[in-house]
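Residue numbers (this note's numbering): 236 to 1169. Notes follow the structure.
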Amino acid sequence: MTQDAPEFGKGCHLHLIDGSAFIFRAYHALPPLTRKSDGLPVGAVAGFCNMLWKYVTDERGSDAPTHAAVIFDHSAKTFRNEIYDLYKANRPEPPEDLRPQFPLTREATRAFNISCIEVEGYEADDIIATLACQARDAGGAVTIISSDKDLMQLVGDGVDMLDPIKAKLIGPDEVREKFGVGPERVVDVQALAGDSVDNVPGAPGIGIKTASQLINDFGDLETLLERAEEIKQPKRRQTLIDHAEQIRISKRLVQLDCETPLDFTLQSLEVRDPDADALLGFLTEMEFRTLTARVAEKLGAEAPVVTSSPPSEAPAAPERPAIDSTGYDCVRDRDALDRWIAQIREAGHVAIDTETTGLDEMQADLVGISLSVHAGHACYIPIGHVAGSDDLFGAAALVDGQLPMDEVLKALRPVLEDAAILKIGQNVKYDWKILARHGIRMAPIADTMLMSYALNAGTHNHGMDELAERYLGHRCIPIKELIGSGKSQIGFAQVAIDKATPYAAEDAEVTLRLWQHFAPMLPSEKVTTVYETLERPMVPVLADMEMAGIRVDGEHLKRMSNAFAQKMAQLEDEIHQLAGEKFNVGSPKQLGEILFEKMGLEGGKQGKTGAYSTSADVLEDLAVEHDLPARVLDWRQTAKLKSTYTDALPTYVHPETGRVHTSYSIAGAQTGRLASTDPNLQNIPVRSEEGRRIREAFVAAPGHRLVSLDYSQIELRILAHVAEIPALKQAFKDGIDIHAMTASQMFGVPVEGMDPMIRRQAKAINFGVIYGISGYGLSRNLRIPRAEAQDFINTYFERFPEIRDYMDKTVADAKEAGFVTTLFGRRINTPGINQSGPAAGGARRAAINAPIQGAAADIIRRAMIRMPEAIRDLPARMLLQVHDELVFEVEDAAVDDLIAVARGVMENAAAPAVQLSVPLDVDAGSGANWAEAH
DNA sequence: GCCCTCACG
DNA sequence: GACGTACGTGAGGGCT
């Protein structure tokens, strides 16, 4: 697109809009508006759009810009923090309701078809300075749309500023009026005067007035500092002599950098007409009715109507051409690659998929990358394909006709890290980690899997093949057609490139189309906030945790394995003797026959498959009278610990890091909980003494400790809040033993000196309530008659009637809407709620449990998302999440600091989105290993 | 590939 | 009146 644009030069006029200033001004100028459909805060976005619209429609006549860009700050840390670590340190975090609006303002800018620019490590001011210098040097004119005094140093020949609010032009005279010196000496004055807002120290006691006087007296700052002895006022003289170094640092802080590395040209900033569809689409999505109407009128277009049909009814409408995997591009040379990169830059987004040698993203190697920008088009860039090897010893030689991996990554990196280009993935955490291993931190990202999860949790799973079939009516090429299966399976690197291209490129196109399908549904289905605040931000957080891994002591596990093997052999002998014959103790079928046929024990219940149940609770009952089932229980526990933990865990130790790297699935559980796989580190034993020793094998690195923080009773607290149970809320506020309190209320006994059995029963009921209690379930759990269990439940509901109200209301809501929601808006669909028969009970209990379990999951997600920023100055890393627990690794000396900071984040994680009526309590511990820390 | 069992919250 | 149930997960071993 830019090839035809004229070179930037004389006669051109560049407008540089200070986007961050727009945002903050918009935020503070407007009341906290929220989007009506889902409560997403959008006040700043609304103000921002109004300002942009006003800017775009202002009549400027011959002074109209030929080129324009909106520039944003990328992140809080910049190169200035290396000069002075306290730079901007006292600047408060942006308000919670502003944060989710930052990405939206970028989207808004793109919707207006204005170039959107930000660069990591640089402030917007530096980018503005760099562009202004370049434009001025090229002979063009520059107007900076901002009233920021820090930018006034740029004013001069060919560069002026425009205060967008006062509509006032700022030239050298206005600068002189403000600083008492000309633009070229502004930094000298700022260096002396300092700036309390940005925490630029300056010289104490010297303000702008004094500073400009001094500079005017001595000419410039360096001269002033050299000849400070000549200053007449003694105090002022001493201040300058004492603080000369601090003043010089201050100058470096306020001096804007004209050398920001930029990967685009001035030509590419050429002014473009807004695209009516894109702009109206965005404004409608934001539900800005007035502005949408105004824009539609001006552009002579129809304002689109947001439809809000539930996703389950959404047909796989094939408005776009069917997916055809035969015509994809295979990118084999630099020109083709550059053309794709130009396309991506023009569109501002790209769907991306990586192909690798395996599923373990900590070990798999990159084989190729596929991209798609427009439906109907996609490409595959092979980079790591090797010759199919019949020869086992033949070195895996790269196939000809592939660009070198380094070159491809180097070319793509600016795009992948460009804050103005959205990278769309399906399960993008996978690709993020693969690229992170090549030093690329991809941002910003979108994930179609997480979009589907926010919309469809509870309805179906969110894998690409399933989504493509459901929503695009397209059956993806099965990977098996390329790599085979079973014994003859080959790696993706061995697949011929002409076979890999349609498969890989298709994945990118499907991802793009899923994004086109889902993205507009998030607002219409009111789950944008969930997606933006609970799903999307988890990707880099989890990726970092997974890549950090946790150290595991393989020797410790091996010793335990040996001990377990001995114990099992001994138990096996005893069991065989008791049975009078040899059989496979690990076979429930054989065991059932021994127990209930050969030995003729009572209580043999056959399930639907005709097999006897030999589950632990059956065996526990039998164990009261008989030795054999007791031995089997012991054997089973040992076998479990050995096979699942002490034997399996060492095989997961990464050869290079020496640590175990789990993988968390964000969209696996229906309720918002994470799930941990390969290995599952969320079910490491803790309940039995023998099992707990396995936790001793999870150790901190030398010089470090493991710290574990966990929420105390978080689900019961959420229940107390959502069901508004005064007695429960008060107990949590008073910090008293919640189960004892329950027992006391139910049975009328004092909390002091309570019978532990009574407390245990109350505890079981408390948990039962969370699960959607039934008399049968409670009777089994407590091993009491069903009628007795039912009596307990009745008493409980009498004492806490609000709980029954809550349960009834939740089920009624689910039946009405087809879903339940958590406190934070997470939606869990309940498709089975209107079933009849036995399945109805299960759906009913799941619906009761989901908002409670889900809200707890939301809260710890919020804590995790805030954690990296909160602990960034501590020598600590977040390693694991176990539903209500976070595990960190921290240098010895910083244990207490970490606990204080992390606890604060966790205890306040619900706020400000939700003001809980109960406190959240967090327990903490630390030690050389996980057993000690827990 | 399904079922059973059991580890966790 | 009978039915069959605690909620949410993942992994390993047996068996077809």
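Glycine is no exception: its CB is placed at the ideal position from the N, C-alpha and C atoms. All values reported here derive from a predicted model rather than from experimental measurement.
Cβ pair residue i, residue j closer than 8 Å
i	j	result
residue 353	residue 306	yes
residue 1056	residue 1086	yes
residue 348	residue 510	yes
residue 1038	residue 958	yes
residue 846	residue 563	no
residue 785	residue 895	yes
residue 929	residue 881	yes
residue 566	residue 486	no
residue 1034	residue 1116	no
residue 984	residue 971	no
residue 506	residue 303	yes
Bounding residues of the beta strand (DSSP E) (the contiguous stretch that carries residue i)
i	result
residue 251	248-253
residue 965	Segment 961-969 is the alpha helix (DSSP H) holding residue 965; no beta strand (DSSP E) there.
residue 1162	1157-1162
residue 915	Element bounds for residue 915: n/a, residue is neither H nor E.
residue 658	657-660
residue 898	898-900
residue 682	680-682
residue 403	403-405
residue 558	Segment: none, residue 558 is in no beta strand (DSSP E) and carries neither H nor E.
residue 614	614-617
When the options are compared against residue i, the one with the closest alpha-carbon
i	options	result
residue 1061	344, 765, 661	765
residue 639	492, 864, 569, 489	569
residue 1148	1097, 1129, 1124	1097
residue 693	908, 729, 438	908
residue 658	459, 746, 296	746
residue 798	955, 389, 986, 874	874
residue 591	462, 476, 735, 426	735
residue 710	742, 690, 726	742
residue 1105	1078, 1129, 1120, 1133	1133
residue 713	699, 707, 723	699
residue 1128	942, 662, 283	942
residue 751	641, 660, 984, 1018	660
residue 1042	823, 470, 960	960
residue 444	425, 462, 459	425
residue 1153	730, 1142, 472	1142
residue 754	465, 521, 350	521
residue 1044	1079, 1021, 1012	1079
residue 525	281, 903, 719	281
residue 1018	531, 951, 856	856
residue 727	594, 761, 748	594
residue 878	800, 783, 955	800
residue 796	821, 818, 872	872
residue 869	346, 890, 820, 886	820
For residue i, the first and last residue of its enclosing alpha helix (DSSP H)
i	result
residue 773	773-783
residue 955	949-957
residue 806	789-814
residue 1034	1021-1034
residue 284	278-292
residue 574	569-582
One or two residues paired with residue i in a DSSP bridge
i	result
residue 391	394
residue 1123	942, 1113
residue 591	601
residue 509	For residue 509, which the question treats as bridged, DSSP gives no partner whatsoever.
residue 841	847
residue 711	DSSP lists no partner for residue 711.
Distance between beta carbons of residue j and residue i, contact taken as under 8 Å
i	j	result
residue 488	residue 438	Going by Cβ atoms, the distance from residue 488 to residue 438 rounds to 13 Å, so no, they are not a contact pair.
residue 492	residue 646	So it is not a contact: roughly 25 Å between Cβ atoms.
residue 390	residue 410	5 Å
residue 682	residue 774	6 Å
residue 598	residue 618	About 18 Å; that fails the 8 Å criterion.
residue 1007	residue 1063	That pair is no contact at about 14 Å.
residue 418	residue 332	About 37 Å; that fails the 8 Å criterion.
residue 313	residue 356	6 Å
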